[in-house]
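Have a look at the structure below before the remarks.
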Amino acid sequence: MTEIALLVQGLLDGSIYALIAVGLTLVYGLLRILHVAHAGLFTLGGYVGVVVTNQTGSFVLALLAAMIVAGVAGMIIYRLVYQPILHLPPYVALIASIGLFIAMQEGFRFYDEQGVSYVAAPLQGTVAFAGQNLQVAKIVTFFGAIILIGGLGFMAARTRTGVAWRATVTKPKMAESFGINIVQVRYLNFFIGSALAAVAGVMVSLTTNLVEPTSGDVWSYKALAIIVLGGLGSMRGTLIACFALGVIEAFGTTSFLGAIMNRDAIAFAFLVVVLMIRPQGLFVRT
Amino acid sequence: MSPILSVRDLRVVFGGVTAVDGVSFDVAPGQLLGLIGPNGAGKTTVMRSITGIVRPNSGVIELDGQRLSGLPIHQRMRRGLALSQQLVRPFREMSVIENVAFAAGHQKTDNPLRALVTFSHAKEQARAKELLEMVGIAEHADADTGSVPLGVLKRLEVARALALGPKVLLLDEPLAGLNTSEAETLAETIKNLLQGGLTIVLIEHNLREVMRVCPHLVVLDNGRKIGDGPAEQVMADPVVRAAYLGAATGDAGVAA
Amino acid sequence: MESLLNAYDMSLIRTAAIMVVMALSLNMITGFCGQISLGHAAFMGIGAYTSVKFSINGIDFALGTLAGMALAGLLGLIVGLTSLRVRHDFLAITTMGIVFLFSGIVEQSRYLGDTDGLSGYPHPAYDDFTYMMLTILLAIGVVALSVYIKRSWMGAAFKSIGDDEDTARLLGINVPLYKLSAFVLGTALAGLAGSLYAHQTTIIQAENFGFIESITVLSMVVFGGVGSITGVVIAAVVLTLLPLWSQAIGDYKLLFYGGLLFLMMRFAPYGLAGLAQRARLLLTRRAGTAQ
């Protein structure tokens, strides 16, 4: 396993983290809430993706359905869970989110404890590269993530909606006095973030061919660690941290560390070490 | 007589802006010193450097001959400093008197081990009562800190700081937000605190009260000291007057 | 007395007592001192694994328990040190990471049983009833310790830190030292709970001490009312026994927990203690107007 191969593997995984982390950063940036329940939207996306593909045979349709269903679910979560408690101390929202996350997980368990699988999974197979076999699904995810996130970034910078959105994130009161509807911006954030998480959920389901209630857990815990690492609220920091973590995991698991701790432990060890050196995260929120 | 608090060549730079530029002054024991200056002069930064909330780029601060540099905030407080904060920060989960009693127990909270084996609150309650009376808010002793007006909370800050039994009491804009009669009363109270041998350094915008109670003033402008001496003399200084009149302030009554 | 309780009842009581210890131990860190910890179950795990390893090597149960507490406290000290550098949200995620570090290391270790865990280890020579009494006694002891700390000046210092740590500093409180004390106390007691837990079951695995388990304990503290000893004890007993008593809730245990957490935060964020206080205020107001 050459260095290049590991690097590429890390970047591929990083793109999955990125799809999840963007939503988390959007919510944190706007509401200062650690949206733990985001994990459930990843899993929801996976379930919808599998079920719709199996029912209709069309993966593209499934992907779109997953994005829309998760997006709407995200908006509902904002309205029912977060909006009523915004005025209370932040730990309240965190715990409420955790509670919701657990409840969602159980919800999936009732739907199908064993989890769901594809009848005929698309985008299977691997590509040989520098001594490693890279999954096609992950490669597609990587490019998909770049397009989606890059597109978001472009929209944020160039379009009217995007500028309004940025204004709301950085200076909500001022944005309000300019007539921007803050609540609408929040809904938009939850929709986009959740939709992206759903994409991640669907793409990961291709690599494992199984979506079960706890699918979203570890990816999402790490995504939370990533946004903290990136500097809570800094999109740039988050994205860099995503790929950094992916690469660290790839190299870490094959190093001596892999003998004493598993992949997840390496990720969190990295987080703790970085925070000890830079308690505010890699990038301060701009 | 050697100063009880001395600041030498204090320099604080925040990301390119020099907030404090080589400020030096001494405070004699038992003095009531007013630290004044227009907005943004650096007064709060100086005070924060003394308490340790801000780490200066250079300069020496000594309390009673002991260097404060490098000491964490809580240790500076234990060496004889106390601060009454500009934006009041009462402990929300304690009543008015409990806030002061807690501060009065500072010897017992010196280290966790000691704190673990000490129980009695009686002495501290008594002392707190005394202090509340001294600043004139004894009637609010058992009130919830969320339900009393700002005037009471400002006095609570002072009482709480006093409970530490300091050598030097730093007051950061104790009169801000108070109406004229409240400000006058609190200023009188502050003046009377000197009787215990306390030294007080006061930052204030309310020039009328400062001039009434502070015999001695240090004036800052744009991070530099532009005045240091007896109040009348300093306020008569054309440089000082220019600094104030030049800036468009709403400060109460600088005599024309 | 023994004949009144069957083996199942006794195991219920033992479990409840152990969870009381766990909840109160977290209450010291989060309730008294205001430091959020989402990874408390890991310290229970440390206590459990240490105690089991000791008994496998033929060492006395009491010593094994003390060793578990010491190791848990030591690691709690290290985590406490991280809490000095990071705050709030950062701390929440860091403590979440502790759980993954724990299971990640344990599951990679042959010595610690990999993912299979440790089983078939010797138990102390107590019968069911005696062991139950032991856990009850220890739980009472921890309650007493909690009350003691809360009433002492250490409790007062903790309270000030949880309320406003910057102001506490300005009042001479050595905040870092106190935070560390809270962590060490809390995690050592979690280690105690872990050891007790390990010897009333036949197998322990890293997944018994994961994120969900940490959240379960946190939910007891929150449900009881952060900081309130009575509230937390009641919450621990109720939340432990309810799913075990009621089969309906038992199947949906996690859904129940999750829903409970979420509903509580939405409608009663200050927990049972908060509700009790509100009730008290209502009653005194009524009594006042009645006159």
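Protein chains in written order, with my numbering: chain E, -9 to 276; chain Z, 2 to 257; chain U, -17 to 273. Note that the Cβ used here is the ideal one computed from N, Cα and C, for glycine as well.
- Under DSSP, Leu36/Z takes part in a beta bridge, and its partners are Ile204/Z, Val219/Z.
- Contact between Phe72/U and Pro269/E holds: their C-beta atoms lie close to 7 Å from each other, under 8 Å.
- Taking a beta-carbon distance threshold of 8 Å, Asn(-12)/U does not count as an interface residue toward chain Z.
- The Cβ of Gln174/E sits no closer than 8 Å to any Cβ of chain U.
- For Gly105/E, the CB contacts under 6 Å within the same chain, skipping 5 residues up- and downstream, are Leu200, Val201, Glu202 in chain order.
- No Cβ-Cβ contact shorter than 8 Å links Gly53/Z with Leu221/Z.
- Under the 8 Å criterion on CB atoms, Thr169/U is classed as non-interfacial with respect to chain E.
- At the C-beta level, Ala187/E and Ile10/E come within 8 Å of one another.
- The Cβ neighbour count for Pro239/Z, taken over all protein chains shown within 10 Å, is under 16; the residue is labelled exposed.
- Close partners of Glu94/Z in chain U (Cβ separation under 7 Å): Lys141, Asp145.
- Between His77/E and the set Thr266/U, Gly137/U, Phe249/U, Ala261/U, the nearest pair of CA atoms involves Phe249/U.
- Counting only Cβ-Cβ distances below 7 Å, Ala255/E has contacts in chain U at Phe82, Leu83, Gly86, Ile87, in chain order.
- In the structure shown, the three-state DSSP call for Leu73/U is helix.
- Shown here, Asn100/Z sits in a helix according to DSSP, grouped into three states.
- Look at the beta carbons and you see the stretch 177 to 187 of chain U not touching the stretch 137 to 147 of chain Z: under three pairs across the two are nearer than 8 Å.
- A residue is called buried once 16 or more other Cβ atoms fall within 10 Å of its Cβ, and Gln17/U is buried on that count.
- In the displayed model, Asn193/Z falls within a helix according to three-state DSSP.
- Nearest CB-CB separation between Phe258/E and chain U: below the 8 Å threshold.
- Interface flag for His141/Z against chain U is unset, since no Cβ pair is found closer than 8 Å.
- Per DSSP, Arg12/Z lies in no alpha helix (DSSP H) segment; the continuous beta strand (DSSP E) that holds it begins and ends at 6 to 15.
- Taking the Cα positions, Ser7/U is about 19 Å away from Leu243/U.
- Comparing alpha-carbon positions, the option among Asn(-12)/U, Leu(-13)/U, Ser19/U lying closest to Val208/U turns out to be Ser19/U.
- Bounds of the beta strand (DSSP E) holding Ser25/Z are 18 to 28.
- For Leu59/U, the enclosing alpha helix (DSSP H) starts and ends at 43 to 67.
- Looking at the backbone, the Cα of Ile186/U and that of Ala172/U are separated by about 15 Å.
- Residues of chain U with a Cβ closer than 9 Å to the Cβ of Val59/E do not exist, since the nearest Cβ in that chain sits about 21 Å away.
- For Leu84/Z, a Cβ of chain U is located within less than 8 Å of the residue's own Cβ.
- Note on geometry: alpha-carbon atoms of Val81/U and Leu214/E lie some 14 Å from one another.
- If the five residues before and after Leu203/Z are omitted, its C-beta is found closer than 6 Å to the C-beta atoms of Gly35, Leu172, all from its own chain and listed in chain order.
- Contact check for Leu57/U against Phe25/U passes: the beta carbons are separated by less than 8 Å.
- Between Tyr103/U and Val34/U, the alpha-carbon positions lie close to 7 Å from each other.
- Leu82/Z is bridged by DSSP to Val169/Z.
- Annotation for Lys44/Z: the continuous alpha helix (DSSP H) segment containing it runs 44 to 52.
- In the structure shown, Ala154/E adopts helical secondary structure according to DSSP, grouped into three states.
- When Cβ pairs closer than 8 Å are counted between the two stretches, the stretch 208 to 220 of chain U is seen to touch the stretch 250 to 260 of chain U, the count reaching three or more.
- Closest in alpha carbon position to Gln259/U, among Asp233/U, Tyr234/U, Gly206/U, is Gly206/U.
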